[in-house]
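Have a look at the structure below, then the notes.
There are 2 protein chains.
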Amino acid sequence: MKSFLFTIMQLTSEKKRTMSTSVFSCFATLLVFGFSSLASAKTHHLHWEVSYMFASPDCQEKLVMAINGQFPGPTIHAKAGDTVVVELKNSLPTEGVVIHWHGIKQIGTPWADGTALISQCPIKPDETFVYKFQADKAGTYFYHGHYGMQRAAGLYGLLIVDVKEGEKEKFKYDGEINMLLSDWYHQDIYTQMVGLSSNPFRWIGEPQNHKMTIVEADGNYVDPFTVDDMDIYSGDSYSALITTDQHVSSNHWISVGVRGRQPKTPPALAILSYLNNSQSQLELPKATPPTTPLWNDYTRSKSFSYKILAAKGTPKPPKKADRLIQLLNTQNRIDGFIKWSLNNVSMVLPSTPYLGSLRYSLKGAFDQKKPRDRFGANYNVMKPPINPNTTTGSNLYEIKFNSTVDIILQNANALSENVSEIHPWHLHGHDFWVLGYGEGLFRKKDVSRFNVENAPLRNTLVIFPYGWTAIRFVADNPGVWAFHCHIEPHLHMGMGVVLAEGIELVKEIPKDAISCGKTANMLMNQHG
Amino acid sequence: MKSFLFTIMQLTSEKKRTMSTSVFSCFATLLVFGFSSLASAKTHHLHWEVSYMFASPDCQEKLVMAINGQFPGPTIHAKAGDTVVVELKNSLPTEGVVIHWHGIKQIGTPWADGTALISQCPIKPDETFVYKFQADKAGTYFYHGHYGMQRAAGLYGLLIVDVKEGEKEKFKYDGEINMLLSDWYHQDIYTQMVGLSSNPFRWIGEPQNHKMTIVEADGNYVDPFTVDDMDIYSGDSYSALITTDQHVSSNHWISVGVRGRQPKTPPALAILSYLNNSQSQLELPKATPPTTPLWNDYTRSKSFSYKILAAKGTPKPPKKADRLIQLLNTQNRIDGFIKWSLNNVSMVLPSTPYLGSLRYSLKGAFDQKKPRDRFGANYNVMKPPINPNTTTGSNLYEIKFNSTVDIILQNANALSENVSEIHPWHLHGHDFWVLGYGEGLFRKKDVSRFNVENAPLRNTLVIFPYGWTAIRFVADNPGVWAFHCHIEPHLHMGMGVVLAEGIELVKEIPKDAISCGKTANMLMNQHG
Chain A
1 MKSFLFTIMQ
11 LTSEKKRTMS
21 TSVFSCFATL
31 LVFGFSSLAS
41 AKTHHLHWEV
51 SYMFASPDCQ
61 EKLVMAINGQ
71 FPGPTIHAKA
81 GDTVVVELKN
91 SLPTEGVVIH
101 WHGIKQIGTP
111 WADGTALISQ
121 CPIKPDETFV
131 YKFQADKAGT
141 YFYHGHYGMQ
151 RAAGLYGLLI
161 VDVKEGEKEK
171 FKYDGEINML
181 LSDWYHQDIY
191 TQMVGLSSNP
201 FRWIGEPQNH
211 KMTIVEADGN
221 YVDPFTVDDM
231 DIYSGDSYSA
241 LITTDQHVSS
251 NHWISVGVRG
261 RQPKTPPALA
271 ILSYLNNSQS
281 QLELPKATPP
291 TTPLWNDYTR
301 SKSFSYKILA
311 AKGTPKPPKK
321 ADRLIQLLNT
331 QNRIDGFIKW
341 SLNNVSMVLP
351 STPYLGSLRY
361 SLKGAFDQKK
371 PRDRFGANYN
381 VMKPPINPNT
391 TTGSNLYEIK
401 FNSTVDIILQ
411 NANALSENVS
421 EIHPWHLHGH
431 DFWVLGYGEG
441 LFRKKDVSRF
451 NVENAPLRNT
461 LVIFPYGWTA
471 IRFVADNPGV
481 WAFHCHIEPH
491 LHMGMGVVLA
501 EGIELVKEIP
511 KDAISCGKTA
521 NMLMNQHG
Chain B
1 MKSFLFTIMQ
11 LTSEKKRTMS
21 TSVFSCFATL
31 LVFGFSSLAS
41 AKTHHLHWEV
51 SYMFASPDCQ
61 EKLVMAINGQ
71 FPGPTIHAKA
81 GDTVVVELKN
91 SLPTEGVVIH
101 WHGIKQIGTP
111 WADGTALISQ
121 CPIKPDETFV
131 YKFQADKAGT
141 YFYHGHYGMQ
151 RAAGLYGLLI
161 VDVKEGEKEK
171 FKYDGEINML
181 LSDWYHQDIY
191 TQMVGLSSNP
201 FRWIGEPQNH
211 KMTIVEADGN
221 YVDPFTVDDM
231 DIYSGDSYSA
241 LITTDQHVSS
251 NHWISVGVRG
261 RQPKTPPALA
271 ILSYLNNSQS
281 QLELPKATPP
291 TTPLWNDYTR
301 SKSFSYKILA
311 AKGTPKPPKK
321 ADRLIQLLNT
331 QNRIDGFIKW
341 SLNNVSMVLP
351 STPYLGSLRY
361 SLKGAFDQKK
371 PRDRFGANYN
381 VMKPPINPNT
391 TTGSNLYEIK
401 FNSTVDIILQ
411 NANALSENVS
421 EIHPWHLHGH
431 DFWVLGYGEG
441 LFRKKDVSRF
451 NVENAPLRNT
461 LVIFPYGWTA
471 IRFVADNPGV
481 WAFHCHIEPH
491 LHMGMGVVLA
501 EGIELVKEIP
511 KDAISCGKTA
521 NMLMNQHG
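In structure tokens:
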């Protein structure tokens, strides 16, 4: 009988999913027992090439974006404090590319965050960009494309950061099983980009008599709690301990179902086997796969989210915030096309990345209209918008350096009556504290209910239908950081904002990151 | 009874074709009768935006690359000597784009030829590039994407250049019918790019009692000849006169069949109607559509090509050439992948466009190894290559300015026994004279058979299976010019060379054309 660390990451979004799991079985023991040697940080130098490849993960051949001929991309293993250098060559024939290192804070290297047109120019075909950053904290992370909808094309992989040499995990286990969940579309991403609606998914694992003890969320320890199944949204990552206390020769189903929208696809299935058999030798479990909970059982979903609280020793949030930003999530229309908006502005990105245009104070590089911190106080979140017409804008929030900011993500009714979707949001460059959740419209008085005692640190949050979620963070990382719904088509439809902080403290940005748009013009017109 | 100018242009390439014709019926009278006013050149200023759009040309919806929401793109009408300015905005989400103006010589504006990585940098998403060029000569031209396989994605349209104001056509007609032939794939171009084999097509029009008198080829008058059907290869354009001498209410089939490879798709059909009916009012012709000739009836194909001779008054070629380049067309392998090669080198393009790197003498911008003017004298063109292994290279030929060059395109057996395909080649920046054709291996003595009396001027040529075709041109246009098989997948597989001439005479290249790769670095490092 052994115990294993079971890590689960989510990248899903969409309704035409036909297959949801990629299972990696890496049984290398991770536990490091109290060595007294000094921790010495290492540099991992990787040469990666992004190109197209045929793959048939669900027995239907399709083009995928692969890294070094692998799909999903190679797993990065590092220790906290190590430096990761990825020389990324773009071998796509006509498209730009970037890679975002999801969960890595990029302290001092905001240009390496991998957000196209926010932190850097897209890497041009046949060119190479060097991502160099520190794996700042142990945790279960992943990386993925962040340009157009290249994530859905298969451009993603795992980034596992272990504790420093000589440090101990807070919990013991004998091995590690990583599971990366992702949607799989038969439609190509160019077709998808033209107009699919989308959906969050729920990862439901009923491990057949295996209880899961959740110990980590988004790279932060949480107060352990034990469940039979879990909710996991796009952008989330969790670690759970499981104990192999069943019969040694038995195999067990893992079942993954859709959440938040009536599924049109069957659950995805994986097998948990105690034996290190090859796939061909694997026998199907005798029991039928477990049924996943109803897609609209929100009570169950909320109950899971509410259980996530900080582990002892987790830093506490500042007692008060300097600024409160309320972001109303609505579905709207522009010229008949459906968009997603924040405070009635749908985000579009400029052709010059913000990091460069702000750092060098370039004029006219983006729409200068400042977005609002509030929406109408009388907005009825329970009904479709009275005025569904929206506009586009930069949604760029300039945040005072080192200030403490609260953001309330307010959900509302979509365009159709009685529809309000789940949205998983992801903040770049930061962890934040999840201060609380509420039903209906957020009110000033709700601040008194904020959990400032054991609020969990996360980089993703979820807003439930018709509800709100409150977060707090300290703007202490000079750079420009995306904050957006992690459902890729929602982001593509404008569901995001951009936060700029301490721009004057950003050191010289590598030329390769800004050799497009107005920053390229600036560089070309520079005279010694 | 009226006579019409029937112009036909070809853009096809591939075997998964399901539909081949786009018919434009523009019955505006073109004839201009001897005005004595002075010709005054006009500037046509166009604002174009390339974006994706759904279209169902064969009743199956698919994504296409459209211009201003139109597929095919808008038709440009200009007169000889006019200036065309196209401000092209790239609204594709992640891909670069360029447009090549097929048949326009770009004298003095080599950066406007629209060949990605040869004449310019790909235009980045959300950026705009200005194509400004002179419509130097009356003719039937077209434009199309020239980056990756974007042409197959639907990025093309017509460019009709009429004679100058006050000038007469050499022939009279009452109206004009333009027909642009193109392949239509259900597979997306990204999937295609990974590895389709391909094929030239033959346009066969049997106009049901309508004889066609061919009067123009690739923008040059030819000695008129009359046929029932014609061969047309990718990149070709022809004008034919037809006379509406049948019953006024009858409709007539136009039938288009595949040529050079056993077709797997039915012939494409169009209807020639004398009445200006809307499509819904159109009645199908009573007769069955005409059967197109056998796909492998090469005798018939050759007979058509051999009939194309220069019209009286066409400039004659110089009597002798200063240089003879022989290019052996072979199918080869690199690491098992099938390629097309010239003199056993398969062309790859660098990330810095040649025009900029040559003009500014940048080091290391491309593979400097010079390609050869000859291949082994004992090469057996009737058999598969003895050594099928090939390498990649720049295939850049530096040509002495104002020199006269002969190029022999030598066909050969492909990788499989008893297979030799038809290849339609296209030269940018030039017209050339087609001096002759031959069977088997070209020999020095064949020079004596060259037609220097009434050789037709063209910008496309065809090589027949196991045969050769000889062309002559004067290198009098400063720039870097692609010369390649016009079958898009063949070009993608390396079937092309690049000709550089008079580079030192190229005036200052617009920055937008060279703001990538090493030329961008050069611009960024320039100190006043």
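Chains as they are written, first to last, in the UniProt record's numbering: chain A, 1 to 528; chain B, 1 to 528.
Ideal Cβ placement from N, Cα and C applies to all residues, glycine included.
- Residue range 488-492 is occupied by the alpha helix (DSSP H) that includes residue 488 of chain A.
- Rounded to the nearest whole angstrom, the CA to CA distance from residue 513 of chain B to residue 172 of chain A is 59 angstroms.
- Below the 7 angstroms Cβ cutoff, chain B contributes no neighbours of residue 87 of chain A, its closest Cβ being approximately 15 angstroms away.
- With its beta carbon at least 8 angstroms from every one in chain A, residue 173 of chain B lies outside the interface.
- For the set B:393, B:386, B:58 and B:432, the Cα lying nearest the Cα of residue 310 of chain B is the one of B:432.
- Residue 126 of chain B belongs to the set of residues whose beta carbon lies under 8 angstroms from a beta carbon in chain A.
- Contact between residue 81 of chain A and residue 41 of chain A holds: their C-beta atoms lie close to 4 angstroms from each other, under 8 angstroms.
- Judged by DSSP in its simplified three-state form, residue 165 of chain A adopts coil rather than helix or strand.
- Residue burial annotation: residue 386 of chain B is exposed, with fewer than 16 other C-beta atoms found within 10 angstroms of its C-beta.
- Residues of chain A whose Cβ lies closer than 9 angstroms to the Cβ of residue 208 of chain B do not exist; the shortest such Cβ separation is about 39 angstroms.
- Classified as exposed, residue 504 of chain B has fewer than 16 neighbouring CB atoms from the shown chains inside 10 Å of its CB.
- The region 355-368 of chain A and the region 306-321 of chain A do not touch, with fewer than three beta-carbon pairs separated by less than 8 angstroms.
- Secondary structure note for residue 519 of chain A: its alpha helix (DSSP H) is the uninterrupted segment 517-525.
- Within the region 317-380 of chain A, the alpha helix (DSSP H) runs of at least 4 residues that lie entirely inside it are, in chain order, 354-359.
- Residue burial is scored here from C-beta neighbours: residue 458 of chain A has at least 16 other C-beta atoms within 10 angstroms and is therefore classed as buried.
- Classified as buried, residue 72 of chain A has 16 or more neighbouring CB atoms from the shown chains inside 10 Å of its CB.
- DSSP, read as helix, strand or coil, puts residue 471 of chain A in strand.
- Each of A:415, A:133, A:223 and A:153 was checked against the Cα of residue 67 of chain A, and the nearest Cα belongs to A:153.
- Looking at A:524, A:251 and A:302, the one whose alpha-carbon comes closest to that of residue 288 of chain A is A:251.
- With contacts defined by Cβ atoms closer than 8 angstroms, residue 223 of chain A and residue 454 of chain A form a contacting pair.
- Among the residues of the region 346-364 of chain A, those with a Cβ less than 7 angstroms away from any Cβ of chain B are 351, in the order of the chain.
- Interface annotation for the UniProt domain "Plastocyanin-like" (383-501) of chain A against chain B: 492, criterion Cβ-Cβ distance under 9 angstroms.
- Across the structure, residue 509 of chain A and residue 141 of chain A are spaced so that their CA atoms are roughly 25 angstroms apart.
- Linking residue 406 of chain B to residue 320 of chain B through their CA atoms gives a straight-line distance of about 9 angstroms.
- Around the C-beta of residue 373 of chain B, fewer than 16 other C-beta atoms lie within 10 Å, and the residue is accordingly described as exposed.
- Residue 448 of chain A sits in a helix when the DSSP states are folded into three classes.
- Contact annotation: the region 127-137 of chain A touches the region 106-113 of chain A, with at least three C-beta pairs closer than 8 angstroms.
- Residue contact check for residue 165 of chain B against chain A: no CB pair falls below 8 angstroms.
- If you draw a straight line from the Cα of residue 351 of chain A to the Cα of residue 127 of chain B, it comes to about 7 angstroms.
- Contact between residue 50 of chain A and residue 88 of chain A holds: their C-beta atoms lie close to 7 angstroms from each other, under 8 angstroms.
- Contact check for residue 381 of chain A and residue 410 of chain A: beta-carbon distance about 7 angstroms, within the 8 angstroms limit, so the pair qualifies.
- Using a Cβ-Cβ distance cut-off of 8 angstroms, the region 358-370 of chain B and the region 418-431 of chain B are not in contact, since fewer than three pairs of beta carbons, one from each stretch, lie closer than that value.
- Here the alpha carbon of residue 54 of chain A sits roughly 18 angstroms from the alpha carbon of residue 145 of chain A.
- Rounded to whole angstroms, the gap between the alpha carbons of residue 118 of chain A and residue 498 of chain A is 8 angstroms.
- Within chain A, the residues placing a beta-carbon under 9 angstroms from that of residue 150 of chain B are 94, ordered along the chain.
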